[in-house]
Each structure stands twice: as C-alpha cells, then as structure tokens.
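Trainee:
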Amino acid sequence: MRRRAAEYRRPARRRFSYWIWLLLAFSSILAFLLFLLLRHQDPLPYPLPERNARVEHSAKKSLNFTEEILSVTSFSRQLAEQMILAKAYVVIAKEHNNLHLAWQLSSKIRSCQLLLSKASMTGEPITLEEAEPIIKSLSFLMFKAQDIHYDIATTIVTMKSHIQALEERANAAIVQSTVFGQIAAEAVPKSLHCLNVKLMSDWLRLPSLQELSVERKNSPRLVDNNLYHFCIFSDNVLATSVAVNSTVSNADHPKQLVFHIVTNGVNYGAMQAWFLRNGFKGATIEVQNIEEFHWLNASYSPLVKQLLNPDSQTFYFGAYQDLNVEPKMRNPKYLSLLNHLRFYIPEIYPQLEKVVFLDDDLVVQKDLTPLFSLDLHGNVNGAVETCLEAFHRYYKYLNFSNSIISSRFDPQACAWAFGMNIFDLVAWRKANVTARYHYWQEQNGDGTLWKLGTLPPALLCFYGLTEPLDRRWHVLGLGYDLNIDNRLIESAAVIHFNGNMKPWLKLAIGRYKPLWDKYINQSHPHLQDCVTS
Numbered sequence: 075m076r077r078r079a080a081e082y083r084r085p086a087r088r089r090f091s092y093w094i095w096l097l098l099a100f101s102s103i104l105a106f107l108l109f110l111l112l113r114h115q116d117p118l119p120y121p122l123p124e125r126n127a128r129v130e131h132s133a134k135k136s137l138n139f140t141e142e143i144l145s146v147t148s149f150s151r152q153l154a155e156q157m158i159l160a161k162a163y164v165v166i167a168k169e170h171n172n173l174h175l176a177w178q179l180s181s182k183i184r185s186c187q188l189l190l191s192k193a194s195m196t197g198e199p200i201t202l203e204e205a206e207p208i209i210k211s212l213s214f215l216m217f218k219a220q221d222i223h224y225d226i227a228t229t230i231v232t233m234k235s236h237i238q239a240l241e242e243r244a245n246a247a248i249v250q251s252t253v254f255g256q257i258a259a260e261a262v263p264k265s266l267h268c269l270n271v272k273l274m275s276d277w278l279r280l281p282s283l284q285e286l287s288v289e290r291k292n293s294p295r296l297v298d299n300n301l302y303h304f305c306i307f308s309d310n311v312l313a314t315s316v317a318v319n320s321t322v323s324n325a326d327h328p329k330q331l332v333f334h335i336v337t338n339g340v341n342y343g344a345m346q347a348w349f350l351r352n353g354f355k356g357a358t359i360e361v362q363n364i365e366e367f368h369w370l371n372a373s374y375s376p377l378v379k380q381l382l383n384p385d386s387q388t389f390y391f392g393a394y395q396d397l398n399v400e401p402k403m404r405n406p407k408y409l410s411l412l413n414h415l416r417f418y419i420p421e422i423y424p425q426l427e428k429v430v431f432l433d434d435d436l437v438v439q440k441d442l443t444p445l446f447s448l449d450l451h452g453n454v455n456g457a458v459e460t461c462l463e464a465f466h467r468y469y470k471y472l473n474f475s476n477s478i479i480s481s482r483f484d485p486q487a488c489a490w491a492f493g494m495n496i497f498d499l500v501a502w503r504k505a506n507v508t509a510r511y512h513y514w515q516e517q518n519g520d521g522t523l524w525k526l527g528t529l530p531p532a533l534l535c536f537y538g539l540t541e542p543l544d545r546r547w548h549v550l551g552l553g554y555d556l557n558i559d560n561r562l563i564e565s566a567a568v569i570h571f572n573g574n575m576k577p578w579l580k581l582a583i584g585r586y587k588p589l590w591d592k593y594i595n596q597s598h599p600h601l602q603d604c605v606t607s
C-alpha cells in the first residue's frame, strides 16, 4: 500500500511541477535547472575561475544592469529567475495556510531584491560570494515546498486567479501611465513659462515694440504673391521660433519668405516681442491675435458654437470625468480654435494665392520654396500620404458604421499627413472647402463620425482634392517612434515631432532632440536666465 502511495506521489509531483513550469514559462525552467545544479554542489554554469574572471572583467567597465539581468550567465539573472518561482510558492503556501514557509520564502525574496537593488545602484555585478548563500537557501526552500505535495487542481485554480489579478493590476498601471504621460505632454515646462513672462514684460514696458508691430502690419510684402508665404498657428513661442528659424536657415533666398503667425491673446505680446527683437535673415514675419478675428464667431463657425456648448466644456474641462474615456481624447487642444484655424486660411489671407501651412512641432531641413512651383493638377491640398502602413486609411479615422460616411467615402482611401501642406487658395475658394468643413462639423455635433483632432474632418473636406507629394517632403513620428531610419530623417525636407514626446519636453526622445535644439539661440539672455532659474 505504501509502495503504491509512493508511486502515486511521484507522478503527482511531476504533474505539479509541469503546471508550475507552464505558468511561469521559460524563466522557471532556468531556475529549476539551477536548483538541480545546486543539489550536486555545482551551482555555476561553468568553472569558478572562469566565472571569477568574467566578473572581474565586468567590474572594470560600467555595468548595464538591463543587459546584466538578461544575460543567462549572470548571477543577477539567476537570482531574478529564482525570485519569480519563489513568489509563486509564497502564494501557494499562503493559500494552504503554511505561513511559516511563506514567511521563510518572503524573507529570502527580500534579500534577493536588496542584492539586485544594490547591484543596480552601484553599477557593479553581483559576485559569487554574494549570490551563492541566497541561491542555496532559496533552492532548499522551494524543494521543501515541492515535497509538501499540495493539491494540484486547487493550486492550478489558485494560480489562475492570481494571474488574472496580476493582469488587472497591469492593465490599471498601463491606464495610469497613459494618464500621467498625457498630463506631462499637455503641461507647459517652467522654462517656457518663464520665457513667456519675460517677453510679455518686454512687450508692456517697451512702447517702441508696439509701434514697430503697427508699422509692420502695413507692409506690402504681406500680400505680395511673388513671395513665398508660410502660416503657423501656435501658442508656443519657442516651438514657433524653431519652425521659422529652421525654415529660413535652409532657404536659398530667406528674404523672399513671409511668415504669418496667429496666436491667442495670452501669448500675443510674448510672440510679438520675440519676433520683433530677433532677426530671421531678413524674412518678413507677421503676428496676429486670434481674438481680433471678430468674424470667427458662433453664428459663422460650428466649432465656436461647440466650444460654447456646456456639454463640451464639461467634457474637456470638467472636474469629474469619465474614466472610460481615453485620456488623450480629453486634450482641449483638439477643440481649440488655434488648432482648427487651418480650415479658415483663405478667410484669414484673402489676397494670397498659395501658402504652405506648418505645424509648430517640426523642423525644416531643406529649402521649401520648390513646393510653390509643384503642379497640384487642380487640387487644393498637397500632402504626403501615410498609407504605406495599412492602418493609415480612412477606416482608421472615421466611423464607417454610420451611413453618412460609408455612402460617400472609400474606407480603403489613403490618409495623408497634416502639418506640412501646400494649399492652392484659389482652388480652395472655388471648391468652397471651408463650407465643407462647416457641414461636417455640424454632422459630427454628437461626436459619432469621428472622435478627435483635425485630421478626420480634413480627410472629409479634402476628399478628392489632395495631391500626393514625395514622401521625403514630410517625415513623421519623431514624437513617438524610436526607430525611424536615420537615412529617412537625413533625406527629409521636414521632420515632424507629432506625438506626445515633444522636443521641448523632458519626455522628448533623446535621439531626435538635437535636431530641434540646434535651431534655438541658446545665448539669448532670456533663455539663459530661464534655464538657470
């Protein structure tokens, strides 16, 4: 009878080990192999002199802890693998009320964590003398746990419930991380706020600046169609400055460039002070205040009407918000007048025939004046298409379950990039694109046709009116994609930092940030004061 019981226990143990190994994947297998080695008093994957030589060599150079924890030959990796398996046995021991074993395992896990933390902080690899006692004691405790022979079915159910709980916690952490990332992306860095304050002070205390701005408003160059006109709508002084400076720095004839900047009332004085007191190689620069566009009111623009709607204000600015709504969809910039001003370019500049629209989060690397001589074949908008990847098509941005969309548009139609566009304003007025925009904004009053942003309504308004440009004119993704090919960046006329990782934020991708930084005048006294303070 005892023999049969012993024979039963052995396969039961194997089944138990099998399920544990399955749940903990390959990491647990490595740990188990280590335990077997330790039982034979040979815990090292190769002879001690060779291991000591490796540790000594590693200590001579700076430790990359990520590489160390991933290396199959490191003590850090072995400790991490053991810790994973030990945590599983802590859960099982607690479920079976074996609190003493759970306490013993938890104690060794804490020792393991402290050792790994020390290695990470000091930048020195874990040595044999440090790792061996913990590895041996953890191995002994886990073999002891296996010998207790818990009920297999109960253990599997327990492990599944804990896995589910961990998944829920991971999902909650992802949501929280997204929220914090969005908050950081929307925040104004202290240095930029400081710069705005100093510039506004200059604007208010120097009447000569205000006189000069009035004088420049009457310049005939602002309506001369023989020159090259660019428009930027932004409330970010430094970002706008980089866009302008990079454009003139790479232009063959910078004095033939005219920049039309529109900002809000809060930043108007700062924007004026910056561009009036800094030279940009002879380019003409006009700064306007959107609050002086009295024609842009609720009776004319559906967007203004939506902004005044209490429900919209509650959605974007309310204190109590639905947690089920994606955080970025609550970003007020998606419903800001400045962001949607691009649909009113012919109204703002009634005498212009062609204009290049630029976002403020980009850097120009080549002369953009050849854009004005491109043949748009009667189209209104010249833009780089983004459907090289399948998901950048109309169905990605629009609700094709709504018949008003599905009956008029092709879901597989190619989307294009907003942020560097050449607009034929004569063709725009002829096609009455702004009226199209108003129509679609009214249709989307309840937010069922698209969720956010200016690209979805633009895809509707410029449908059949967009001329594809060479991809090298506009390369996107520097605000979220870490793996853009360097050759593509170097060949690009414009690189666009679309995404949350803007180059003026601490979130910026370090690899791309120097491309933006080089167009900032770091010697400017206001910038130096704001950085040091």
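Start counting the sequence shown at 75; every next residue gets the next number (this note's numbering). Just so you know, even glycine gets a beta-carbon here, dropped at the ideal spot from N, CA and C. On a predicted model such as this, the values are computed, not experimentally measured, just so you know.
Are V430 and I478 touching if we call contact CB-CB under 8 Å?
Mentor: As a working mapping, residue 430 is identified with position 356 in the sequence shown. As a working mapping, residue 478 is identified with position 404 in the sequence shown. No, the pair does not count as a contact, with Cβ atoms beyond the cut-off.
Trainee: Assuming contact is defined by CB atoms lying nearer than 8 Å, are P485 and R510 in contact in what I supplied?
Mentor: The sequence position of residue 485 within the sequence shown is 411, counting from 1. The sequence position of residue 510 within the sequence shown is 436, counting from 1. No, these two residues do not count as a Cβ contact at 8 Å.
Trainee: By Cβ distance below 6 Å, which residues in the same chain neighbour Y342 in space, the five residues on each side in sequence not counted?
Mentor: Your numbering for residue 342 matches position 268 in the sequence shown. Taken in chain order, the residues that qualify are N363.
Trainee: Hey, out of G519, I335, Y471, C186, whose CA is closest to L382's CA?
Mentor: Translated into positions along the sequence shown, residue 382 becomes position 308. Among G519, I335, Y471, C186, the Cα nearest to that of L382 is on G519.
Trainee: Let me know the secondary structure DSSP gives G339 once reduced to three states.
Mentor: On the sequence shown, position 265 is the one that residue 339 refers to. Helix at G339.
Trainee: State the start and end residues of the unbroken beta strand (DSSP E) segment that holds Q362.
Mentor: For the purposes of this step, residue 362 is identified with residue 288 of the sequence shown, where counting begins at 1. From DSSP, the beta strand (DSSP E) with Q362 extends over 358 to 363.
Trainee: Do you know how far the Cα of H327 is from the Cα of F446?
Mentor: The residue given as residue 446 occupies position 372 in the sequence shown. The residue given as residue 327 occupies position 253 in the sequence shown. Using only the alpha carbons, I get a separation of about 14 Å.
Trainee: Return helix, strand or coil for M494, following the three-state DSSP convention.
Mentor: The count along the sequence shown starts at 1 and reaches residue 494 at position 420. The answer is strand: DSSP assigns M494 an E or B state.
Trainee: What whole-angstrom Cβ distance do F307 and L331 have, given they're in contact under 8 Å?
Mentor: Along the sequence shown, one-based indexing puts residue 307 at 233. Along the sequence shown, one-based indexing puts residue 331 at 257. About 17 Å; that fails the 8 Å criterion.
Trainee: Among residues of its own chain, excluding the 5 on either side of F367, which ones have a beta-carbon nearer than 6 Å to its beta-carbon?
Mentor: If you number the sequence shown from 1, residue 367 lands on position 293. Excluding positions up to five away in sequence, the list is empty.
Trainee: From this set, L179, E169, Q152, which residue's C-alpha is nearest A160's C-alpha?
Mentor: Residue 160 sits at position 86 when you count from the first residue of the sequence shown. Ranking L179, E169, Q152 by Cα distance to A160 puts L179 first.
Trainee: When you compare only the Cα positions, how much space is there between R416 and Q238?
Mentor: Position 342 of the sequence shown, counted from the start, is the residue given in the question as residue 416. Position 164 of the sequence shown, counted from the start, is the residue given in the question as residue 238. Rounded to whole angstroms, R416 to Q238 spans 47 Å at the Cα level.
Trainee: How about L562 and M494: are their beta carbons less than 8 Å apart?
Mentor: As a position in the sequence shown, residue 562 is number 488, starting the count at 1. As a position in the sequence shown, residue 494 is number 420, starting the count at 1. No, they are not a contact pair.
Trainee: So does the segment 566 to 585 actually touch the segment 595 to 607, counting three or more Cβ pairs closer than 8 Å?
Mentor: No, because fewer than three Cβ pairs between the segment 566 to 585 and the segment 595 to 607 fall closer than 8 Å, the two stretches do not touch.
Trainee: Please say whether A317 and L432 have beta carbons closer to each other than 8 Å?
Mentor: The residue you call residue 432 lines up with position 358 of the sequence shown. The residue you call residue 317 lines up with position 243 of the sequence shown. In this structure, A317 lies closer than 8 Å to L432 by Cβ.
Trainee: Run through DSSP, which three-state label would K428 get?
Mentor: Against the sequence shown, residue 428 aligns to sequence position 354. Here K428 sits in strand by DSSP.
Trainee: Return yes when the Cβ of A193 is within less than 8 Å of the Cβ of I200, no when it is not.
Mentor: For the purposes of this step, residue 200 is taken as the residue at position 126 of the sequence shown. For the purposes of this step, residue 193 is taken as the residue at position 119 of the sequence shown. Their beta carbons are under 8 Å apart, which means I200 touches A193 by this criterion.
Trainee: DSSP state of Y394, grouped into three classes?
Mentor: Locating residue 394 in the sequence shown gives position 320, counting from the first residue. Any reading at Y394 needs caution, since the residue's pLDDT is 48, under 50, leaving its predicted position unreliable; the model's value is listed next. Three-state DSSP puts Y394 in coil, outside helix and strand.
Trainee: Using beta-carbon positions only, say whether V454 and F536 come within less than 8 Å of one another.
Mentor: Along the sequence shown, read from residue 1 onward, the residue named residue 454 stands at position 380. Along the sequence shown, read from residue 1 onward, the residue named residue 536 stands at position 462. A contact, by the Cβ cut-off of 8 Å.
Trainee: Relative to the C-alpha of D298, which candidate in K210, L552, W277, K329 has its C-alpha closest?
Mentor: Position 224 of the sequence shown, counted from the first residue, corresponds to residue 298. Closest by alpha carbon: K329.
Trainee: Considering only the beta carbon of each residue, do L301 and R295 sit closer than 8 Å?
Mentor: Mapped onto the sequence shown, residue 301 falls at position 227. Mapped onto the sequence shown, residue 295 falls at position 221. Yes, Cβ-Cβ distance for L301 and R295 is below 8 Å.
Trainee: Give the C-beta separation of V322 and K272 to the nearest angstrom, bearing in mind that I take them to be a contact with Cβ-Cβ under 8 Å.
Mentor: Numbered from its first residue, the sequence shown carries residue 322 at position 248. Numbered from its first residue, the sequence shown carries residue 272 at position 198. Actually they are not in contact, since the Cβ atoms of V322 and K272 sit about 24 Å apart, beyond 8 Å.
Trainee: Please report how far the alpha carbon of V635 lies from the alpha carbon of R243, in whole angstroms.
Mentor: Look at the range of the chain in this structure, 75 to 607, and you will see that residue 635 is not part of it.
Trainee: In this structure, does DSSP put A325 in helix, strand or coil?
Mentor: Residue numbering aside, residue 325 sits at position 251 when the sequence shown is read from its first letter. Note: A325 maps to coil in three-state DSSP.
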